[in-house]
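Inspection log for the structure reproduced underneath, given as structure tokens.
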Amino acid sequence: MTDYPIIRTVGLTGILVTFAGAMSEEANKASVAFRAAVDAQKWPEVSETAMSLVSVFLITDLVAHSAADIIQRLEALLATRDWLAAPLPEGRTLWHIPTVYGTDLAPQLEEAATAAGVDPDEAIRQISGTRVRVLTIGFAPGQPYLGELPENWNVPRQKDLTLNVPAGALVVAIRQLAIFTNPTPTGWRHIGQTAFRTFDQNGPAPFALTPGDEILFPQVSRTEMEKIRSAHPDGFGAADREAIG
Amino acid sequence: MSGQMNILTAGPAMSLQDGGRAGYFASGLTPGGAADTLALHEGAALLGQSPDNAAIEMVGMGGTFEASQDTIIALTGARMTAQIDGTPVVWNASHILAAGAKLAIGGAQAGTYGYLHVAGGFDVPENMGARGTHLKAGIGALLSAGESLPLGSGGNGRAGYRLPDADRLNGGTVRVVESAQTREFSDETIRRFGETAFRRDTRGNRQGVRMDQDGEGFFANDGLSIVSEVIVTGDIQVTGDGAPYVLMCESQTTGGYPRIATVIPCDLPRVAQAPAGAPLQFEFISLEEAIALEAKARAALKALPGLVEPLVRDPSDIADLLSYQLVSGAVSALADPFDT
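Taken in order, these protein sequences are the chains called A and B.
Count along the first sequence from 1, add 12, and you get the number used in this note's numbering.
Count along the second sequence from 1, add 3, and you get the number used in this note's numbering.
Structure (structure tokens):
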């Protein structure tokens with residue numbers, strides 16, 4: 013039995029602080045909070061921080077800086093509070109991202125609803141009514157993994173991949189949602205379509221989302237989506253955002 | 004108006020590459036950049052300029068190029084056939100490419116990633132702080148015939164200089180440290196991994212290189228239930244079929260497959276350059292040894308300019324010519340050199 017949190021070096025690239033051996037709401041929130049705390053330290057040796065589902069990663073040049081020294085500081089910071097009970101930090105964003113559920117734009121809504129044991133209307137009610145949090149960003153630039161959905165959405169990925177799900181697709185599996193950055197083959201089911209671009213290399217801020225941000229996916233009609241696409245070429249797909257603490 | 008390099012024909016995977024763009028890991032973007040970072044430094048040393056300049060990376064096959072003005076170039080990385088207007092030119096060296104002359108770079112004879120550098124660098128606009136192409140992320144794109152790249156000004160490189168031949172082009176031993184998940188594998192599996200003679204598989208690109216071998220696969224104790232965790236360049240990921248993949252500069256930033264080890268940065272060019280079928284073996288070393296080796300490799304990068312030497316030594320450059328014994332070293336073309 014491993015005692016968490018554990019601190020490990022990662023290659024010569026950095027140091028990883030892990031709060032749990034599996035995804036959990038507490039460990040994910042602890043990672044968001046601890047990452048913010050590490051950022052606030054402004055340690056000159058740390059060039060970047062990032063987080064995965066249950067870990068905080070500090071990028072630091074282990075050739076130039078002593079891992080032991082940074083680990084000691086991390087241990088001291090860990091000891092300052094119970095991170096599993098830490099509140100989410102301030103300065104996060106709540107996004108409202110208009111979404112078409114089902115139709116030919118997102119053909120797997122019915123199938124996903126069946127897997128979750130509800131009818132499509134109830135599926136839309138549940139998904140659009142759940143405020144999900146960005147658990148981590150990865151796989152593709154800016155691509156968020158969002159959760160957690162109610163327990164009935166603990167549906168496995170499909171065995172056979174859907175060959176080409178478009179960018180902006182809202183997909184579901186294992187109590188999580190994702191918005192795809194690029195067209196991709198996937199085992200996740202395509203239940204909604206947004207006009208939201210998670211990564212715009214030409215924009216002033218190329219990445220829209222950061223772990224800890226929260227998202228609602230209000231339902232719009234297909235016609236409204238067409239209007240949004242033509243009226244909002246900026247890539248955010250008419251998403252609204254508000255600051256949350 | 005400044006000059007340009009015109010691409011007349013292009014191999015299947017040519018792209019502009021530099022040191023990559025750090026700073027976006029949290030947003031899911033690996034730095035990318037040249038697959039063989041040492042080759043980038045060698046080109047910079049040959050041209051007497053900063054390694055921050057972008058070069059054209061050519062995978063397996065080069066292309067044909069023509070500059071609109073006299074341009075000093077350098078060729079590094081995978082050894083490829085190269086001719087200027089039909090005359091073969093030496094690899095790992097700098098040359099003059101006269102305005103309108105045709106530089107034809109052919110297939111790789113050793114290694115995988117070849118580089119074409121120009122004095123002054125390529126003056127293309129930066130995107131997110133770098134000029135390198137990140138194919139996986141869709142930043143930039145492969146170069147194709149008909150494109151022209153603007154040449155930077157201020158280059159003061161000299162033609163006719165060389166560096167010692169690269170010794171990393173045909174596989175060999177690669178040093179690794181334990182990754183965050185090495186201990187998810189049994190001691191026996193880790194030992195077998197270190198003793199296995201791998202071959203570089205034909206499947207490999209800027210995202211990762213698959214390792215082939217004849218024995219059974221390498222499986223973690225609880226391989227399929229490991230929580231998705233950060234990936235760094237050089238991580239050796241073992242997928243469902245037990246085959247290790249060395250993850251390269253355009254890998255994803257997180258993944259759920261266990262990593263059995265991590266290649267130390269200074270040995271990654273050897274993995275990148277290994278052509279399909281080349282032998283590769285992984286040797287576990289301690290973090291302390293890895294840090295010492297990497298520090299040494301960085302010092303060697305800084306010392307590269309000191310290794311640059313003229314392609315042909317001009318007798319007038321040799322100050323004490325008269326003290327050389329110019330005759331007694333001559334050998335007979337007919338003598339058996341092993342007959343002493």
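C-beta atoms are modelled at their ideal positions from N, C-alpha and C, and glycine is treated no differently.
Item: May I have a chain-ordered list of the beta strand (DSSP E) segments no shorter than 3 residues that lie completely inside the stretch 230 to 275 of chain B?; Value: 238 to 241, 247 to 250, 262 to 266
Item: Expressed to the nearest angstrom, what Euclidean distance is found between the alpha-carbon atoms of D172 (chain A) and G114 (chain A)?; Value: 20 Å
Item: Closer than 8 Å is the cut-off here; do at least three beta carbon pairs connect the stretch 232 to 249 of chain B with the stretch 262 to 281 of chain B?; Value: yes
Item: Just to confirm, are A124 (chain A) and N164 (chain A) a CB contact at a threshold of 8 Å?; Value: no
Item: Within the stretch 29 to 102 of chain A, note down every full alpha helix (DSSP H) run reaching 4 residues or more, in order along the chain.; Value: 37 to 53, 79 to 90
Item: At what residue ranges does the stretch 190 to 224 of chain B contain a whole run of the alpha helix (DSSP H), taking only runs of 4 or more?; Value: 190 to 198
Item: For the beta strand (DSSP E) containing T235 (chain A), list its first residue and its last residue.; Value: Looking at the DSSP string, T235 (chain A) is not in any beta strand (DSSP E); the run it does join, the alpha helix (DSSP H), is 234 to 243.
Item: List the endpoints of the continuous alpha helix (DSSP H) containing T79 (chain B).; Value: Note, T79 (chain B): premise wrong, no alpha helix (DSSP H); beta strand (DSSP E) at 74 to 87.
Item: What separation, rounded to the nearest whole angstrom, lies between the Cα atoms of L228 (chain A) and S53 (chain B)?; Value: 47 Å
Item: If the cut-off is 9 Å on Cβ atoms, which residues from the stretch 161 to 191 of chain A count as contacting chain B, listed in chain order?; Value: none
Item: My assumption, with CB atoms under 8 Å, is that V274 (chain B) sits in contact with V177 (chain B). Please give the rounded CB distance.; Value: 6 Å
Item: Locate the alpha helix (DSSP H) running through L121 (chain A), then write down its first and last residues.; Value: 121 to 127
Item: Per DSSP, what kind of secondary structure is D133 (chain A) in: helix, strand or coil?; Value: helix
Item: Jot down the residue ranges of each uninterrupted alpha helix (DSSP H) in the stretch 14 to 79 of chain B, minimum 4 residues, whole runs only, in chain order.; Value: 40 to 50
Item: Taking the DSSP output, what are the residues bridged to T115 (chain A)?; Value: Beta-bridge pairing links T115 (chain A) to no other residue.
Item: Note down, in chain order, each residue of its chain lying with its Cβ closer than 6 Å to the Cβ of G158 (chain B), except the 5 sequence neighbours on either side.; Value: A122, G123
Item: Taking its Cβ as the centre, do 16 or more other Cβ atoms sit within 10 Å of L314 (chain B), making it buried, or is it exposed?; Value: exposed
Item: Go ahead and pull the three-state DSSP assignment for S289 (chain B).; Value: coil
Item: Could you check which residue in B:A85, B:F221, B:L154 has the C-alpha nearest to that of G6 (chain B)?; Value: B:L154
Item: Can you tell me the Cβ-Cβ gap for A77 (chain B) and L50 (chain B), rounded? I've got them flagged as a contact below 8 Å.; Value: 5 Å
Item: Who are the Cβ neighbours of N194 (chain A) in its own chain at under 6 Å, not counting the five residues just before and after it?; Value: A152, A179
Item: Is F248 (chain A) close to chain B? Criterion is C-beta to C-beta, closer than 8 Å.; Value: no
Item: So with Cβ pairs under 8 Å, would you call E60 (chain A) a contact of chain B?; Value: yes
Item: Looking at the secondary structure, which residues open and close the beta strand (DSSP E) in which N173 (chain B) lies?; Value: It is not in any beta strand (DSSP E) - N173 (chain B) carries neither H nor E in the DSSP assignment.
Item: Any idea which residues DSSP pairs T105 (chain A) with across the strands?; Value: A:A255
Item: Please determine, among B:D21, B:A148, B:M214, the residue with the shortest C-alpha to C-alpha distance to G175 (chain B).; Value: B:M214
Item: Checking the sheet assignment: what are the DSSP bridge partners for A133 (chain B)?; Value: B:N130
Item: Tell me where the beta strand (DSSP E) around L145 (chain B) begins and ends.; Value: Counting along the chain, L145 (chain B) falls outside any beta strand (DSSP E), and DSSP gives it neither H nor E.
Item: Could you tell me if D21 (chain B) is buried or exposed, where buried requires 16 or more neighbouring beta carbons within 10 angstroms of its beta carbon?; Value: buried
Item: Along chain A, which residues have their Cβ under 7 Å away from the Cβ of L290 (chain B)?; Value: T21
Item: Tell me which residues of the stretch 206 to 225 of chain A have at least one Cβ-Cβ distance to chain B shorter than 7 Å, keeping chain order.; Value: Q213, P218, F219
Item: Around the Cβ of N214 (chain A), are there at least 16 other Cβ atoms within 10 angstroms (buried) or fewer (exposed)?; Value: exposed
Item: If P247 (chain B) sits next to I263 (chain B), beta carbons under 8 Å apart, how far is it from one beta carbon to the other, in whole angstroms?; Value: 6 Å
Item: Per DSSP, what are the beta-bridge partners of F188 (chain B) in this structure?; Value: None; F188 (chain B) has no bridge partner.
Item: I need the straight-line Cα distance from K92 (chain A) to D116 (chain A), nearest angstrom please.; Value: Looking at the sequence provided, one finds Thr at residue 92 (chain A) rather than Lys. So the two alpha carbons sit approximately 52 Å from each other.
Item: Kindly indicate which three-state DSSP category E312 (chain B) falls into: helix, strand or coil?; Value: strand
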